[in-house]
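Read the structure below first, then the notes.
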Amino acid sequence: MRSQGQVRFVRISAKFQKRCAAGIAALGLVWTGTMATALANEWLQHQNAAELASREAKVATAESRVDAYRDDLSAVADDLTRRQDFIDDMVENHLGTLPTVGDVSGVQDSTAETRRTVDKVSVAIPEASGLAKMEARQLAFVEGLTRLADRRAAEAESAIRKLGLDPKAITRNARNEAMGGPFEAFSRGKDSLDPRFEKLGLSLARMSALERGLEGIPNVLPASIEMISSPFGFRRDPINGRAAMHSGLDFRGPVGTPIHAAAKGRVSFVGWKGGYGRVVEIRHGNGLMTRYAHMSAFGAKVGDKVNAGDVVGRIGSSGRSTGPHLHFEVRINNRAVNPRPMLEKGASLLGAKRVFEAKQGGDDHSATHG
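The sequence shown lines up with residues 3 to 372 when you count with the numbering used here.
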């Protein structure tokens, strides 16, 4: 290296050169191995996709199933048994063990009758014995699933009553929800729907309606319970001093404090509403709506789906207000009800609900649960 008229030399030993060469070779091997692994994985993915497509192309048609029944009835029975085993395992893994006879009243037990049917079919048509056993297992499964649906409906109904609401009104409102479509009968010809399947359908529909209704009942405080400044009911109006009905709860707090959705639902209104000032309204189904008023800023827009605990706005003093606070209302079919029993008992009923998880904020202004 020449610098300022002087020439200096840097000597690299043969040992150092060999080490450098070995390092470069090792990096080359690692890179080659990585590329080979990536290519192999891609090839395997293509192979798996091709194999899946091939299997999908071989999905049994009606004609092939008829041929299978004709060729070997016992093989069909074995195949159906394996399928039923798979269904039973899936249900047990996801729903737990189905209730046994006697756990829930009102559901018949066909075990004895189906056992007699299996015995008679086995004697009269030995080759159909497997199918008769399969039918017996399916009927037992249907009755067990019906008991499970009834048990969950009973738990939801009990929780709704503890919150001071009428479960019958919940299910009645659910029947009035918008739905439709062309009518297609479940059964064809002279065959009618087995009453056990019909009972299962009705039980599942009732369970679904009650659990959806329970999910929409306020269970998360929209602000800190320690900051409630005015309860629900009659009071002296803070502006004109006259007796008046207060249709919600007031939560005082600094401007900008987060306001949390009290339950899962869909935002139906965001804007200015008379004395309420800046308002967000959330529909929770079954005629239930929550209103959050006097906001300083919005945190949601119309159409948004929100979960319990989501921030939907910020505390302010807009509208007819004497200072920064949240006015919170719960309305059922546009009739104001006292929110406090729902909020105080809601969190304690989470174990009975088993249909939602109350979301908690991750900052200093997390929703406070009752």
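Each residue gets a CB set at the ideal place from its N, CA and C atoms; glycine is no exception.
Predicted model only: the values in this text are computed from it and were never measured.
Rounded to the nearest whole angstrom, the CA to CA distance from residue 153 to residue 240 is 48 Å.
When Cβ pairs closer than 8 Å are counted between the two stretches, the region 323-333 is seen to touch the region 246-255, the count reaching three or more. Here DSSP, grouped into helix, strand and coil, assigns residue 327 to strand. For the region 291-338, the full-length beta strand (DSSP E) segments reaching 3 residues or more read 297-300, 313-317 and 327-334 along the chain. Here residue 314 is not near residue 295, since their CB atoms are 7 Å or more apart. Put simply, of 225, 229, 166 and 148 the residue whose alpha carbon is nearest the alpha carbon of residue 207 is 148. In this structure, the CA atom of residue 119 is about 8 Å from the CA atom of residue 138. DSSP places residue 252 in no alpha helix (DSSP H) but in the uninterrupted beta strand (DSSP E) bounded by 251-254. Boundaries of the beta strand (DSSP E) around residue 232: 230-232.
Per DSSP, reduced to three states, the secondary structure at residue 4 is strand. The three-state secondary structure of residue 172, taken from DSSP, is helix.
The C-beta of residue 169 has 16 or more other C-beta atoms within 10 Å across all chains shown, which makes the residue buried.
In the DSSP annotation of this structure, the continuous segment of the alpha helix (DSSP H) that includes residue 162 starts and ends at 131-164. Taking the C-beta atoms as reference points, residue 235 is found no nearer than 7 Å to residue 278. For the options 257, 266 and 228, the alpha carbon positioned closest to that of residue 222 is the one of 266. Check the Cα spacing between residue 162 and each of 274, 220, 233 and 323: the tightest is with 220. If you draw a 10 Å sphere on the C-beta of residue 288, you find 16 or more other C-beta atoms in it, and that means buried.
When secondary structure is reduced to three states using DSSP, residue 207 falls in the helix class.
Bounds of the alpha helix (DSSP H) holding residue 120 are 113-126. For the pair residue 298 and residue 257, the CB atoms are nearer than the 7 Å cut-off. Following the DSSP letters along the chain, one finds residue 261 inside the beta strand (DSSP E) bounded by residues 260-262. Listed in chain order, the non-local C-beta contacts of residue 306 below 6 Å within the same chain comprise 269, local neighbours out to five positions each way being set aside. The DSSP-derived three-state label of residue 26 is helix. When only Cα atoms are considered, residue 157 and residue 113 end up about 26 Å apart. Of the residues assessed, residue 301 falls on the buried side of the cut-off, its CB having 16 or more other CB atoms within 10 angstroms. Secondary structure of residue 282 (DSSP, three-state): strand.
In the DSSP annotation of this structure, the continuous segment of the beta strand (DSSP E) that includes residue 245 starts and ends at 245-248.
With a 10 Å radius around the Cβ and a threshold of 16 neighbouring Cβ atoms, residue 303 comes out exposed. Closest option to residue 325, judged by alpha-carbon separation, among 129, 203, 31 and 232: 232. Beta-bridge partners assigned by DSSP to residue 271: 283.
With a contact defined as Cβ atoms closer than 8 Å, residue 172 and residue 203 miss out at about 19 Å.
Between the alpha carbons of residue 133 and residue 150 lies a gap of roughly 26 Å.
In this structure, residue 263 places its C-beta atom within 7 Å of the C-beta atom of residue 308. Spatial neighbours of residue 218 in its own chain (CB-CB distance under 7 Å, excluding positions within 5 residues in sequence) are listed in chain order as 265, 266, 267, 286, 287, 288 and 290. Just measuring C-alpha positions, the residue of 343, 312 and 225 sitting nearest residue 328 is 225.
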